[in-house]
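As structure tokens, the structure follows; a few thoughts come after it.
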Amino acid sequence: MSTFTEDPRPAPSQAHLRFGRIPITDVAPVIESGRFPAKAIEGEDIPVAATVFREGHDRIGVTVVLYDPDSNEVQRRQLDPPAKGLDRWHGVVRPGAPGLWSFAIEGWADLYATWHHNAEVKIAAGVDVDLMLAEGVHLFNEAAAQEGRPADNAEVLRQAAGILADGGRSVEERLAAGGSHEVLSAVRSHPIRSLVTTSEKYPLLVERERAGRGAWYEFFPRSEGAVFDHVANTWTSGNFTTAARRLPAVAAMGFDVIYLPPIHPIGFTNRKGPNNTLHAGPMDPGSPWAIGAASGGHDAIHPDLGNFDDFDAFVAAAASNGLEVALDLALQAAPDHPWATEHPEWFTTRLDGTIAYAENPPKKYQDIYPLNFDNDPDGLSEEVLRIVRLWISHGVKIFRVDNPHTKPVWFWEWLIGEVNRTDPDVVFLAEAFTRPAMMHALGRAGFQQSYSYFTWRNTKQEIEEYFTEVSHESADYFRPNFFVNTPDILTEYLQYGGPAAFKIRAVLAATGSPLWGVYAGYELCEHVARPGAEEYIDNEKYEYKARDFAAAEAEGRSLSPYLTRLNGIRRSHPALGELRNLTVHSSTDDATVVYSKHKEELPGGGKDTIIVVVNVDPHSARESTVSLDLGALGLDPQDLGDDGLFWVDDLISGESWRWGEHNYVRLDSYHEPAHILHIRRSR
Numbered sequence: 001m002s003t004f005t006e007d008p009r010p011a012p013s014q015a016h017l018r019f020g021r022i023p024i025t026d027v028a029p030v031i032e033s034g035r036f037p038a039k040a041i042e043g044e045d046i047p048v049a050a051t052v053f054r055e056g057h058d059r060i061g062v063t064v065v066l067y068d069p070d071s072n073e074v075q076r077r078q079l080d081p082p083a084k085g086l087d088r089w090h091g092v093v094r095p096g097a098p099g100l101w102s103f104a105i106e107g108w109a110d111l112y113a114t115w116h117h118n119a120e121v122k123i124a125a126g127v128d129v130d131l132m133l134a135e136g137v138h139l140f141n142e143a144a145a146q147e148g149r150p151a152d153n154a155e156v157l158r159q160a161a162g163i164l165a166d167g168g169r170s171v172e173e174r175l176a177a178g179g180s181h182e183v184l185s186a187v188r189s190h191p192i193r194s195l196v197t198t199s200e201k202y203p204l205l206v207e208r209e210r211a212g213r214g215a216w217y218e219f220f221p222r223s224e225g226a227v228f229d230h231v232a233n234t235w236t237s238g239n240f241t242t243a244a245r246r247l248p249a250v251a252a253m254g255f256d257v258i259y260l261p262p263i264h265p266i267g268f269t270n271r272k273g274p275n276n277t278l279h280a281g282p283m284d285p286g287s288p289w290a291i292g293a294a295s296g297g298h299d300a301i302h303p304d305l306g307n308f309d310d311f312d313a314f315v316a317a318a319a320s321n322g323l324e325v326a327l328d329l330a331l332q333a334a335p336d337h338p339w340a341t342e343h344p345e346w347f348t349t350r351l352d353g354t355i356a357y358a359e360n361p362p363k364k365y366q367d368i369y370p371l372n373f374d375n376d377p378d379g380l381s382e383e384v385l386r387i388v389r390l391w392i393s394h395g396v397k398i399f400r401v402d403n404p405h406t407k408p409v410w411f412w413e414w415l416i417g418e419v420n421r422t423d424p425d426v427v428f429l430a431e432a433f434t435r436p437a438m439m440h441a442l443g444r445a446g447f448q449q450s451y452s453y454f455t456w457r458n459t460k461q462e463i464e465e466y467f468t469e470v471s472h473e474s475a476d477y478f479r480p481n482f483f484v485n486t487p488d489i490l491t492e493y494l495q496y497g498g499p500a501a502f503k504i505r506a507v508l509a510a511t512g513s514p515l516w517g518v519y520a521g522y523e524l525c526e527h528v529a530r531p532g533a534e535e536y537i538d539n540e541k542y543e544y545k546a547r548d549f550a551a552a553e554a555e556g557r558s559l560s561p562y563l564t565r566l567n568g569i570r571r572s573h574p575a576l577g578e579l580r581n582l583t584v585h586s587s588t589d590d591a592t593v594v595y596s597k598h599k600e601e602l603p604g605g606g607k608d609t610i611i612v613v614v615n616v617d618p619h620s621a622r623e624s625t626v627s628l629d630l631g632a633l634g635l636d637p638q639d640l641g642d643d644g645l646f647w648v649d650d651l652i653s654g655e656s657w658r659w660g661e662h663n664y665v666r667l668d669s670y671h672e673p674a675h676i677l678h679i680r681r682s683r
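Residue numbers for the sequence shown follow the UniProt record's numbering, so the first one is 1 and each next one is one higher.
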């Protein structure tokens, strides 16, 4: 009778039972029992886990099996055994090209591990010695004959069986043959399994790299190349042609995405003036988010910026500089938008017959009408889909969606599903600073990435807690894009922290998440706020802003070289391109944050490990003892000296030194607030 039972199917009377022969529970990553797919990007290491156990004391093994979009098995990896006394098994899978993949967990009786453990215990006690050796011979010979086992692997088992059966050798020698290095390698690569029980398959949506990795740069095309006539006291707007001249500098800083606020015609009714005043002068351009005028709506281009040919040329110029264009999708309308007269049912009408304008107390947006999806959901939804597909046809593959939390979640699930069904490489970023439940629901609904609370996490405790949350608790469905500032958000930390604060926030954003972004002017440390508001004075949302980036850099007043260095480090180190691999380490100072990112099995071989140490106090120097979790750094014995130390290279300063488990650190924010350390490997 065969030792192996590969597919233990229950008897008909047991078919309704939820537990298989080897119980498998609490599989991860699984979102709402597989109702939504977990998220991944191509080449990303995805942690998997499951609670697997069995009755009695026999040993088990656990395997994760990865299937490609055509349901072909492409990876099979054994999970790491749990800590003693626990049953939680862990491992990783690394999917390839984009598509809807899946994975399953297999639990199985480990016949070799069970035999070897029992043989060691019993033979040492002088119990059933001959029987245990005979069972080993039978197990190895039957496994060697198993279909599909490689010939060299089978030969190792047959040779071990021969020694186990050799009564002319000592018992100790015979048992040692059954636990030799060669045998352990053979059963590790091809386990001797029985009672194999398989979980259901769980979905894993793999998306293209830019869905989960990238550095964003935001600018207003109308400001890039805008000219002020001091004599006439008038502005001439920049346009797509002048804005394209800025693209090489953005690309040179290492950014991947150039994000444009709305480029459509701007309404005149209730147009906002400088600093959000209620009365605009004849030369005030208005907020780009007040979309729609006589010249058109969301499917038109503001005449000052150019036409579709000019936009196409801008997209081509961006591509030639290695940049993708992200376009703002703001689903709202100015009172002058054609929708307001052609489709009043798409808005909310008050009792007095007026259309309600947008409010986010205490903010009021009298120049904007929000949409209402409850009156004509089909008509409005199809119109938005038409608009998105129009811009896709002009080369836009990334949409930054304004205030998605003010629209029904079902709509986003439908829209993103429809778009990605025909254009799976299109990416949607949710600009949603709102309640966690809504932000997480938008991620489940399909948004590839989202703005986050990072902007307001400044203290050591806040940063450590948030980094842990987004990298381990919500990473399966929520990808945070760590924008350091926006036209709407200039935090107190940046208002009063000086250049050091700008460096600190850039380091945290660029290394804490594989997605980060800046709004133009950040490199100039623009920090003056409008009184009583957390936003910039002379806000670019309501006026033109001409900046002399070249002069600032020539005079040493620009952080452009620093941002360039950070993006260069990101591109050179695969560990920084992942979200789920972050580990927080400890320090004795309440303003020194320490974390690492580690990636195994690089395509060219080896490992990549980054340690980041940041003084988050922009006003002073800080001293600390940093204590590292060496296990999280993936260090091998050959990486360590006899004293237990290893080499680290500071990727910012270029200095190198030796570190160990406990290390003294002093960081002066006025000089350099951070170390970004790369562990030097022996191979």
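Note that beta-carbon positions come from the ideal geometry of N, C-alpha and C, so glycine has one too.
Cβ neighbours of residue i in the same chain (closer than 8 Å, five flanking residues each side left out)
i    : result
T349 : I355, A356
H117 : R59
Y493 : N458, A501, R505, P618
N275 : R530, I537, D538, N539, Y542
L429 : A326, I398, F399, R400, V401, F447, Q448, Q449, S450, Y451, N481
F646 : L635, D639, L640, R658, W659, G660, I679, R680
G322 : A251, D256
V507 : L566, V612, V614, P673, A674, I676
L602 : P574, D608
Cross-strand partners of residue i (DSSP beta bridge)
i           : result
R400        : D328, L429
F53         : Answer by DSSP bridge pairing: none, since F53 is not bridged.
L522        : Leu is not the amino acid found at residue 522; the sequence shown has Tyr there. None, per the DSSP bridge assignment.
Y664        : T625
L677        : I611, D650
residue 684 : Lying before the first or after the last residue shown, residue 684 is absent from the chain, which here runs from 1 to 683.
L260        : L327
With 16 other Cβ atoms within 10 Å as the buried cut-off, status of residue i
i           : result
W235        : buried
Q449        : buried
D668        : exposed
G136        : buried
S237        : buried
N663        : buried
W516        : buried
F228        : exposed
Q332        : buried
Y369        : buried
residue 684 : Residue numbering for the chain in the displayed model covers 1 to 683; residue 684 lies beyond these limits and cannot be assessed.
E431        : buried
E207        : buried
Close beta carbons around residue i, own chain, < 6 Å, minus the five adjacent residues each side
i    : result
H527 : L494, Q495
K541 : S287, P487
S2   : Confidence is the limiting factor: at S2 the pLDDT is only 49, short of 50, which leaves the residue's position unreliable, though a coordinate-based value still follows. Here the set comprises nothing.
T434 : H405
R666 : E623
Residues of its chain near residue i, where Cβ-Cβ distance is below 7 Å and the 5 sequence neighbours each way are ignored
i           : result
E147        : none
G20         : T197
A177        : A160, I163, L164
residue 684 : The structure shown does not extend to residue 684, since the chain is modelled only from 1 through 683, so no value can be given for it.
L380        : W346, L371, F373
Collapsed DSSP secondary structure at residue i in the structure displayed
i    : result
G286 : coil
N276 : helix
M1   : Any reading at M1 must be qualified, since the residue scores a pLDDT of 38, below 50, and its modelled position is unreliable; no value is offered.
H190 : coil
Q448 : coil
G148 : coil
N360 : strand
L100 : strand
G417 : helix
E73  : strand
The ligand COA heavy atom lying under 7 Å from the CB of residue i
i    : result
L175 : Questions concerning the ligand COA fall outside what the structure shown contains, since it holds no ligand whatsoever.
Meets three-Cβ-pair contact criterion under 8 Å: the region 309–318 and the region 336–343:
no
Cβ pair count under 8 Å reaching 3, the region 63–83 against the region 506–522:
no
If contact is defined by three or more beta carbon pairs under 8 Å, each pair taking one atom from either stretch, is the region 671–678 in contact with the region 641–652?
yes
Inter-stretch contact at 8 Å, needing at least 3 Cβ pairs: the region 257–276 / the region 216–230
yes
If you pair each beta-carbon of the region 405–419 with each one of the region 367–375, do three or more pairs fall below 8 Å?
yes
Touching by the beta-carbon criterion (3+ pairs, under 8 Å), the region 250–257 and the region 574–584:
no
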